[in-house]
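For the record, in the sequence shown the residue sitting at position 70 is 97 according to my numbering, with numbers rising by one throughout.
Worksheet: the structure to be examined is printed underneath.
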Amino acid sequence: MTSKPNPDYKFLLAQYSYLRKLVTSVDRQLNCLVFWAALANLFSLYFALDMILESPRDLFSGQIISQVIFVLYNTMMFFLMYLWADKMSMSATAVASEAHWLEENSRMSPVLQIRYLLAVNQDLNFTVWGFLPLRKGFILGSIGTIITYSVLINDIIN
């Protein structure tokens, strides 16, 4: 992108618009699946943590080991799902920062450069059912909420 001395902003804008539409289309097709996968993952994490916290004395060592592995696996899958989705946002941010370093094209109007910068600076995220952007902060908040409520509900019951 930065190798040309006078970048063709019309071409770059068309390329970026195509990629943005592709990401939006993929998000529209997969957001319901991502929502249900995230919800299933959250509930399985909650119930596994609740089982470990509620009755560790009643479980034998094989059950404890399987529950801990289950929690670790679901936590890893939860993190991977959000980290892969967050890569899209990070890539869009990297393109936006690179776009600010491009030189102005003296052959064409600076309007194309401004349009390109405005297009590139918009957020681009995968979402959970169209309303929750998948970012790193959402991961940490979700995991913290699961752990907090697991311990809180366990303490209330006991």
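Cβ coordinates follow ideal geometry from the N, Cα and C atoms, glycine included.
Cβ separation of residue i and residue j, assumed to be a contact under 8 Å, to the nearest whole Å
i	j	result
residue 115	residue 68	That pair is no contact at about 19 Å.
Residue i vs residue j beta-carbon contact at 7 Å
i	j	result
residue 230	residue 72	Residue 230 lies beyond the stretch modelled for the chain, which goes from 28 to 185, so this question has no answer here.
residue 112	residue 161	yes
residue 146	residue 43	yes
residue 139	residue 126	no
Backbone CA spacing between residue i and residue j [nearest angstrom]
i	j	result
residue 148	residue 91	48 Å
residue 110	residue 141	31 Å
residue 117	residue 158	19 Å
residue 175	residue 169	10 Å
residue 100	residue 106	10 Å
residue 29	residue 137	Reliability fails at residue 29, whose pLDDT of 49 lies under 50, so the model's placement of it is uncertain and no value is given.
residue 58	residue 165	16 Å
residue 60	residue 87	36 Å
residue 178	residue 53	37 Å
residue 55	residue 49	10 Å
residue 163	residue 123	19 Å
residue 93	residue 131	60 Å
Buried/exposed call for residue i, threshold 16 Cβ in 10 Å
i	result
residue 150	exposed
residue 85	exposed
residue 76	buried
residue 34	buried
residue 167	exposed
residue 45	exposed
residue 182	exposed
Residue closest to residue i, alpha-carbon to alpha-carbon, out of the options
i	options	result
residue 47	93, 179, 153, 88	153
residue 79	66, 169, 96, 63	96
residue 108	64, 89, 124	64
residue 171	39, 51, 89, 102	102
residue 62	131, 130, 123, 155	155
residue 39	87, 179, 129	129
residue 98	163, 74, 121	74
residue 180	41, 81, 55	81
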